[in-house]
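Structure, as structure tokens:
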Amino acid sequence: MLKIDHLTFFYPHRIKPVIDDFSMELPAGGVYGLLGRNGAGKSTLLYLIAGLLTPKSGDVTFAGVNTRLRMPSTLADIFIVPEEFNLPSMPLENYINLYSTFYPNFSREDMERHLSTFELPTDIHLGALSMGQKKKAYMCFALACNTPLLLMDEPTNGLDIPGKAAFLRFIASSMTDDRTVIISTHQVRDINSLLDHVVIMDNRSMLLNESMAEIRRRLAFVTTDNPSLVERAIYAQPGVQGVNVVLPNDGSFDTDVDLKTLFELSATAPESLAAIFPNPQLPPKYEN
Amino acid sequence: MKTDFSLERFNRLFRLEMKRDSRTNLMWLAVIFGLFILLSVQLTAFRDYNYADKNSEVYSWYFNDYTADVMLVFFWIGLFLGGCFSASMMMHPIRDKESAIPSMMLPASQLEKFAVRWITYVPIFIVLYITGFVIIDALRVAYCTVTHPTAINIRFALSPMFNDKSTMLAAICGICAFFSYQSLFVLGSSIWPKKSFIKTFLGLIVLNGICSIYFSGLALALFEPNMNYVPLWLENWLEHFNPTRTMMACAVTAVSIIFSSINYVLAYYRYRESEIIQRW
Numbered sequence: 004m005l006k007i008d009h010l011t012f013f014y015p016h017r018i019k020p021v022i023d024d025f026s027m028e029l030p031a032g033g034v035y036g037l038l039g040r041n042g043a044g045k046s047t048l049l050y051l052i053a054g055l056l057t058p059k060s061g062d063v064t065f066a067g068v069n070t071r072l073r074m075p076s077t078l079a080d081i082f083i084v085p086e087e088f089n090l091p092s093m094p095l096e097n098y099i100n101l102y103s104t105f106y107p108n109f110s111r112e113d114m115e116r117h118l119s120t121f122e123l124p125t126d127i128h129l130g131a132l133s134m135g136q137k138k139k140a141y142m143c144f145a146l147a148c149n150t151p152l153l154l155m156d157e158p159t160n161g162l163d164i165p166g167k168a169a170f171l172r173f174i175a176s177s178m179t180d181d182r183t184v185i186i187s188t189h190q191v192r193d194i195n196s197l198l199d200h201v202v203i204m205d206n207r208s209m210l211l212n213e214s215m216a217e218i219r220r221r222l223a224f225v226t227t228d229n230p231s232l233v234e235r236a237i238y239a240q241p242g243v244q245g246v247n248v249v250l251p252n253d254g255s256f257d258t259d260v261d262l263k264t265l266f267e268l269s270a271t272a273p274e275s276l277a278a279i280f281p282n283p284q285l286p287p288k289y290e291n
Numbered sequence: 037m038k039t040d041f042s043l044e045r046f047n048r049l050f051r052l053e054m055k056r057d058s059r060t061n062l063m064w065l066a067v068i069f070g071l072f073i074l075l076s077v078q079l080t081a082f083r084d085y086n087y088a089d090k091n092s093e094v095y096s097w098y099f100n101d102y103t104a105d106v107m108l109v110f111f112w113i114g115l116f117l118g119g120c121f122s123a124s125m126m127m128h129p130i131r132d133k134e135s136a137i138p139s140m141m142l143p144a145s146q147l148e149k150f151a152v153r154w155i156t157y158v159p160i161f162i163v164l165y166i167t168g169f170v171i172i173d174a175l176r177v178a179y180c181t182v183t184h185p186t187a188i189n190i191r192f193a194l195s196p197m198f199n200d201k202s203t204m205l206a207a208i209c210g211i212c213a214f215f216s217y218q219s220l221f222v223l224g225s226s227i228w229p230k231k232s233f234i235k236t237f238l239g240l241i242v243l244n245g246i247c248s249i250y251f252s253g254l255a256l257a258l259f260e261p262n263m264n265y266v267p268l269w270l271e272n273w274l275e276h277f278n279p280t281r282t283m284m285a286c287a288v289t290a291v292s293i294i295f296s297s298i299n300y301v302l303a304y305y306r307y308r309e310s311e312i313i314q315r316w
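The listed protein sequences correspond, in order, to chains A and B. Numbered by our numbering, the letters in the first sequence go through residues 4 to 291 in order. Numbered by our numbering, the letters in the second sequence go through residues 37 to 316 in order.
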């Protein structure tokens with residue numbers, strides 16, 4: 004289990020913290036979506052979870068061990084796919100042979116399966132790949148390592164349209180009960196169907212931390228022209244096919260969660276969201 | 037899983053580092069040795085052309101192998117420059133965020149990662165450098181011996197260092213100075229992983245300037261004849277202090293070992309606490 008305990012982090016020469024007294028617990032298993040505007044601290048939070056940054060106060064523990072200590076056993080349990088990264092210029096086969104030995108759960112069969120999902124051959128040279136292809140290859144390796152915690156920062160950035168579709172299949176096919184995947188993104192449409200749980204960050208705090216099932220149970224996302232529904236909505240935004248509305252769900256709706264609308268609701272009317280999902284992390288100005 | 041050091045994991049990491057960076061490292065060594073080959077050929081050809089065919093100076097070439105002396109000077113320059121440059125490459129994998137993340141997330145301890153980089157860029161560099169230099173110098177000596185069979189004073193560039201005890205002690209002091217300087221570049225690399233060589237070089241110039249001014253001032257204050265600042269015990273000790281060359285060499289060696297070790301340990305702790313951002 005991942006536990007974030009009163010985490011505060013400042014970038015050098017900045018007066019305001021990027022993350023301020025942030026706490027969260029994520030039980031093992033499931034795909035978590037970390038959503039937020041640019042500069043909300045999503046990537047920073049992922050780096051702090053991975054132990055790549057030192058917090059000013061608080062700590063992050065994974066399976067009871069502080070990740071900042073960067074113990075080999077903890078590092079073997081965590082894999083991070085950053086938005087941008089450099090890979091050594093060598094054939095993929097050599098890369099796998101050299102790096103996979105550090106991950107005890109690495110599976111070559113999984114690697115080949117993931118590569119075929121992205122339609123990548125095994126005899127490629129990492130130095131000759133485009134950024135998108137490099138990302139696909141690295142994500143394949145990340146999943147094949149079978150680490151209990153996988154962190155992904157904007158994984159769909161740089162992927163082509165078939166690549167984004169393959170990404171959904173790729174994550175869904177490799178999920179197990181004890182594996183946790185945290186995906187930080189603002190490309191919410193790309194991962195809408197994938198998430199089990201949503202965390203929305205803003206203003207250095209957490210606006211929402213709920214499972215998709217609970218959001219579906221309490222909220223309904225409807226596109227309508229019906230004025231009475233629009234009037235009842237806690238959020239309404241005119242769209243091409245009608246008005247996109249968010250309604251409190253009294254049990255009469257069974258709709259999918261529209262992450263884009265949910266995110267807009269959290270950005271424009273956080274107090275409405277707080278009324279439905281009371282959250283101890285919410286800044287005082289949003290409390291009812 | 038061992039947390040600090042596992043020999044098995046260290047071996048895997050060493051193999052990984054060797055395979056990953058071998059091309060870049062060999063290219064740098066090839067550049068250094070290419071320069072030495074050019075220098076060696078140039079010096080030999082120059083001597084041959086200018087002196088060998090002139091009756092008045094032909095014996096001067098045979099009896100004074102200036103080529104070896106020049107090669108020896110360049111050996112030391114190459115050792116210092118190449119060694120310091122090599123040391124500045126030590127933290128290259130954490131030079132920017134894109135490279136640092138895969139490197140820092142590799143499941144090995146910080147001690148293992150540091151040890152592998154240190155071994156590659158300090159002792160292995162020195163061994164390869166000296167071996168390469170000796171081979172190039174041996175080729176030069178072989179060429180000169182074949183082209184000038186009557187010459188009696190063709191010698192290896194490094195041979196004067198083993199002439200007698202005093203030259204050996206001087207060589208030891210030179211090696212100690214080299215390690216001291218190189219360790220500063222190792223430390224500099226851990227502080228500034230990016231553009232480390234230039235930044236450390238400039239840092240040392242500034243530090244050297246500050247130290248020179250401070251110690252000059254201190255020496256002036258202490259040893260100015262009109263000022264009686266020197267304590268009596270120190271004056272007596274200085275009067276009777278008559279060290280031998282061996283004593284001085286031992287002292288220099290001891291000081292440089294301690295100094296280099298401190299720098300390596302500081303570099304390790306700085307590396308252990310490294311992040312993907314530069315705080316200063």
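All C-beta atoms, glycine included, are put in the ideal place defined by N, C-alpha and C.
Identify which residue in the options has its Cα closest to the Cα of residue i.
i                 : options                                : result
VAL170 of chain B : B:PHE150, B:LEU75, B:LEU194, B:GLY224  : B:LEU194
PHE65 of chain A  : A:MET74, A:GLN190, A:VAL191            : A:MET74
ASP181 of chain A : A:GLY135, A:ALA31, A:ASP24, A:PRO20    : A:ALA31
ASN89 of chain A  : B:SER135, B:HIS128, B:GLY118           : B:SER135
LEU153 of chain A : A:TYR50, A:MET209, A:VAL243, A:PRO124  : A:TYR50
THR156 of chain B : B:LEU256, B:THR183, B:PHE46            : B:PHE46
ARG59 of chain B  : A:ILE18, A:GLN136, A:LYS45, A:MET93    : A:MET93
ASP126 of chain A : A:GLU96, A:LEU118, A:PHE105, A:LYS139  : A:GLU96
HIS128 of chain A : A:MET155, A:PRO91, A:PRO151, A:GLY161  : A:PRO91
SER133 of chain A : A:ASN160, A:LEU262, A:HIS117           : A:ASN160
SER76 of chain A  : B:ILE249, B:ALA255, B:PHE41, B:TRP273  : B:PHE41
PRO230 of chain A : A:ALA216, A:GLU217, A:ARG219, A:ASN247 : A:ASN247
ILE99 of chain A  : A:LEU171, A:ALA140, A:GLU122           : A:ALA140
ASN189 of chain B : B:TYR102, B:LEU75, B:LEU49             : B:TYR102
Given that residue i touches chain B, what residues does it touch there, using C-beta distances under 8 Å?
i                : result
MET93 of chain A : LYS55, ARG56
ASN97 of chain A : LYS55
Does the distance from the C-beta atom of residue i to that of residue j stay below 8 Å?
i                 : j                 : result
PRO229 of chain B : ILE313 of chain B : no
LEU205 of chain B : ALA285 of chain B : yes
THR188 of chain A : GLU157 of chain A : yes
PHE192 of chain B : ASP173 of chain B : yes
LEU3 of chain A   : THR264 of chain A : Nothing can be reported for residue 3 of chain A: it is not among the residues displayed for chain A, which extend from 4 to 291.
VAL191 of chain A : LEU38 of chain A  : yes
PRO196 of chain B : LEU108 of chain B : yes
THR86 of chain A  : SER46 of chain A  : The displayed chain sequence assigns Glu, not Thr, to residue 86 of chain A. Yes; because the gap between Cβ atoms is below 8 Å, this pair is in contact.
TYR179 of chain B : CYS120 of chain B : no
SER232 of chain B : MET127 of chain B : yes
PHE116 of chain B : PHE214 of chain B : yes
ASN108 of chain A : CYS143 of chain A : no
THR227 of chain A : GLY242 of chain A : no
VAL158 of chain B : ALA104 of chain B : no
PHE161 of chain B : SER219 of chain B : no
Quick one: which chain B residues come within Cβ less than 9 Å of residue i?
i                : result
PHE88 of chain A : LYS133, GLU134, SER135, ILE137, PRO138
PRO15 of chain A : ILE313, GLN314, ARG315, TRP316
Name the chain A residues whose beta carbon is nearer than 8 Å to that of residue i?
i                 : result
MET141 of chain B : ALA53, LEU55, LEU78, ILE81, PHE82, ILE83
ALA151 of chain B : Chain A residues near ALA151 of chain B: none, gap ~14 Å exceeds 8 Å.
LEU62 of chain B  : None at all; the shortest Cβ gap to chain A is about 14 Å.
LEU52 of chain B  : LEU101, TYR102
ARG45 of chain B  : PRO75, PHE105
What residues of chain A sit near residue i, judged by a beta carbon separation below 9 Å?
i                 : result
THR39 of chain B  : LEU72, MET74, PRO75, SER76
GLN146 of chain B : ARG73
ARG306 of chain B : None at all; the shortest Cβ gap to chain A is about 13 Å.
ARG48 of chain B  : LEU101, THR104, PHE105
Which residues in chain B sit within 7 Å of residue i, going by Cβ to Cβ distance?
i                : result
TYR50 of chain A : ILE312
Continuous alpha helix (DSSP H) assignments of at least 4 residues falling wholly in the region 197-250 of chain B: 201-227
Cβ contact (3+ pairs, closer than 8 Å) linking the region 235-255 of chain A and the region 51-67 of chain A: no
Taking three-plus beta-carbon pairs below 8 Å as touching, is the region 213-229 of chain A in contact with the region 252-264 of chain A? yes
Three-pair Cβ contact test at 8 Å for the region 241-256 of chain B versus the region 141-148 of chain B: With a cut-off of 8 Å, the region 141-148 of chain B and the region 241-256 of chain B do not count as touching, because too few Cβ pairs lie within range.
For the region 72-135 of chain A, which segments carrying the beta strand (DSSP E) assignment without a break, of at least 3 residues, lie completely within its bounds, in sequence order? 81-84
Taking 8 Å as the threshold, find out whether the region 80-96 of chain A comes into contact with the region 162-180 of chain B through three or more Cβ pairs. Fewer than three beta-carbon pairs drawn from the region 80-96 of chain A and the region 162-180 of chain B are found closer than 8 Å, and the two stretches are therefore not classed as touching.
Given 8 Å as the limit, is there contact between the region 162-182 of chain A and the region 113-124 of chain A, that is, 3 or more CB pairs closer than that? yes
Below 8 Å, can you find three or more Cβ-Cβ pairs linking the region 214-232 of chain B to the region 295-308 of chain B? yes
At 4 residues or longer, what runs of the alpha helix (DSSP H) sit wholly inside the region 144-195 of chain B? 146-157, 159-183
Touch test, the region 198-217 of chain A against the region 164-171 of chain A, Cβ-Cβ under 8 Å, three pairs minimum: no
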